[in-house]
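Below you'll find the structure, written out as structure tokens, and then a few comments.
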Amino acid sequence: MFSTSLTASDLLFMLQGAWVTLQLTAAAMLIGTLSGVLCGLLRAALPRASLPLAWVLDVFRSVPLLIQFVLFNSLKSIAGLDISAFAVGCLVLGIYAAAFCSEIVRSGIQAVPANLRRAARSLGMSYWQDLRFVVLPLATRVAFPGWLNLVLSVMKDTALVMWIGIFELLRTSQSVVTRIQEPLLVLCIAGLIYYLMSLMVAQLGNRLEKRWQEND
Amino acid sequence: MFDYSFHWRIAFKALPDMLNGAWVTLETAALSMLLGTLIALLLTLLRQQQNPLLRGFAETWVSIARNTPSLFQIYILYFGLGAFGLHVSSWLALLAGITFNNAGYLAENFRGGLKAVPDTQMRAARSLGMNAFQAYRLIIVPQLLRIVFHPLSNQMVWAVLMTSLGVIVGLNNDLTGVTQDYNVKTFRTFEYFALAAVLYYLIAKTIVLSARLMAWRLFRY
């Protein structure tokens with residue numbers, strides 16, 4: 001009953017899938033954080049004028065990621081762009097992450113008391129100095145837990161890229177299942193890998209948060 | 001640049017079928033939310049127990065639900081249960097997967113909400129002669145639901161978005177499933193999925209709007 005035909009190379013194959021998952025997460029978070037911070041700053045600085053931007057980003061939050069993947073993938077073919085499925089996955093996940101990140105950044109900036117900013121300005125700081133030395137350090141501490149949650153949720157959402165044909169962790173485990181016909185074992189291993197990756201990211205984040213709090 | 005002619009007319013012909021699919025999506029999401037909320041309340045209570053076995057069960061549920069992809073959870077219910085000879089339909093696997101996921105996330109929300117209800121409320125209720133169940137049902141849970149109403153409506157939107165995963169385990173009568181069916185028949189991927197995206201957006205906005213209306217109606221003093 002406990003014999004299995006799972007081989008070491010199957011495991012290695014799944015770990016390669018996990019590596020693709022991590023790469024996708026990192027790339028998507030890089031795109032998402034950069035553009036999310038930009039959009040968030042814009043949203044906080046000009047709440048009225050950037051309202052259309054908020055509507056656009058809201059669309060990405062209210063449409064299932066799976067549909068976004070399919071849409072972008074077909075749009076890529078329609079526009080005749082010659083980019084890999086991996087790039088499409090990164091791009092879609094990145095925009096998706098940016099939509100959430102902009103809200104996190106905006107609420108972080110709004111958590112900085114307006115009087116503090118006025119004080120900074122009255123000390124003779126310029127607008128950018130105020131942003132750089134007063135607002136961002138404070139907003140980062142407020143926004144960081146939300147950002148960490150976003151990393152975890154993006155990592156879980158990378159599982160959906162299998163629909164456009166990228167071999168990440170879940171897709172590789174599925175193909176192993178197809179070969180050895182032991183779904184429960186293989187899927188449990190895949191789940192364990194996801195769980196460990198989430199745990200690792202959460203631990204790293206908590207340690208970082210602790211270190212910041214020491215100086216507060 | 002675009003060497004492609006859009007055929008919106010055939011896509012619009014599929015609209016009635018897709019609307020039926022949207023209804024299935026909404027039903028599935030609502031059902032999973034209902035079950036998920038009940039299970040989440042139960043999990044929240046279990047997590048407060050002294051018994052390590054019950055608490056451990058609830059903690060495990062919540063951490064698995066929150067730390068693995070929802071697609072994985074649906075997968076393991078659909079393919080994994082087959083290993084025990086239990087063959088579930090793809091709809092049931094989808095429903096169970098989303099419910100599992102919802103319950104885990106909501107339990108975490110409820111725990112936060114429960115902290116916001118003062119302990120004295122419970123003591124006051126008990127000293128008025130209510131038993132524990134009455135105190136929970138009449139005093140604690142109504143206040144809790146008021147606090148977690150916003151996360152609850154958010155989770156409902158999530159549930160709708162998660163139902164789109166059913167297509168990966170072969171569901172073909174929800175919105176994404178119907179869309180995919182038309183897609184494989186005609187290969188007009190962009191048109192059909194754009195229409196589906198619009199429908200999902202409308203569903204999500206309707207939920208947010210009706211939640212706002214409900215909050216306005218329910219929570220005025």
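Those protein sequence lines, which keep their order, are chains A and B. Letter by letter, the first sequence follows residues 1 to 216 of the UniProt record's numbering. Letter by letter, the second sequence follows residues 1 to 221 of the UniProt record's numbering. Using N, Cα and C, we set each Cβ at its ideal position, and we do this for glycine too. If you're wondering where the values come from, they're calculated on a predicted model, not measured in any experiment.
Quick check on tyrosine 4(B): does DSSP put it in helix, strand or coil?
coil
Residues from the region 63-82 of chain A in contact with chain B, defined by Cβ distance under 9 Å:
Val63, Pro64, Leu65, Leu66, Ile67, Gln68, Val70, Leu71, Asn73, Ser74, Leu75, Ser77, Ile78, Ala79 and Gly80
How would you write the range of the alpha helix (DSSP H) that glutamate 27(B) sits in, first residue to last?
15-47
6 Å CB neighbourhood of glutamine 174(A) in its chain, flanking five on each side removed
none
Alpha carbon to alpha carbon, how far is serine 127(B) from serine 153(A)? Give it in angstroms, no decimals.
44 Å
Measure from the C-beta of methionine 14(A) to each C-beta in chain B and report whether the shortest distance is under 9 Å.
no
With 9 Å as the threshold, decide whether the Cβ of glycine 89(A) is near any Cβ in chain B.
no
Quick one: what does DSSP say glycine 170(B) is sitting in, helix, strand or coil?
coil
How is the alpha helix (DSSP H) around isoleucine 189(A) delimited, first residue to last?
183-214
Using a 10 Å radius around the Cβ and a threshold of 16 neighbouring Cβ atoms, would you call phenylalanine 6(B) buried or exposed?
exposed
Determine, using beta carbons only, whether valine 24(B) comes closer than 9 Å to chain A.
no
If you compare alpha carbons, which of Ala190(A), Arg121(A), Phe167(A) and Arg48(A) is closest to isoleucine 76(B)?
Ala190(A)
For a minimum of 4 consecutive residues, which ranges assigned as the alpha helix (DSSP H) are wholly contained in the region 37-62 of chain A?
51-62
Please classify isoleucine 109(A): does DSSP put it in a helix, a strand, or coil?
helix
Let me know the secondary structure DSSP gives residue 246(B) once reduced to three states.
With chain B running from 1 to 221 in the structure shown, residue 246(B) is simply not present.
For valine 178(B), does the count of other Cβ atoms within 10 angstroms reach 16, so buried, or fall short, so exposed?
buried
Under 8 Å, with one C-beta from each stretch per pair, do the region 20-34 of chain A and the region 147-162 of chain A reach the 3-pair mark?
yes
Report the three-state DSSP secondary structure of phenylalanine 57(B) (helix, strand or coil).
helix
Contact list for proline 183(A) against chain B, beta-carbon separation under 7 Å:
Phe79, Gly80, Gly82 and Ala83
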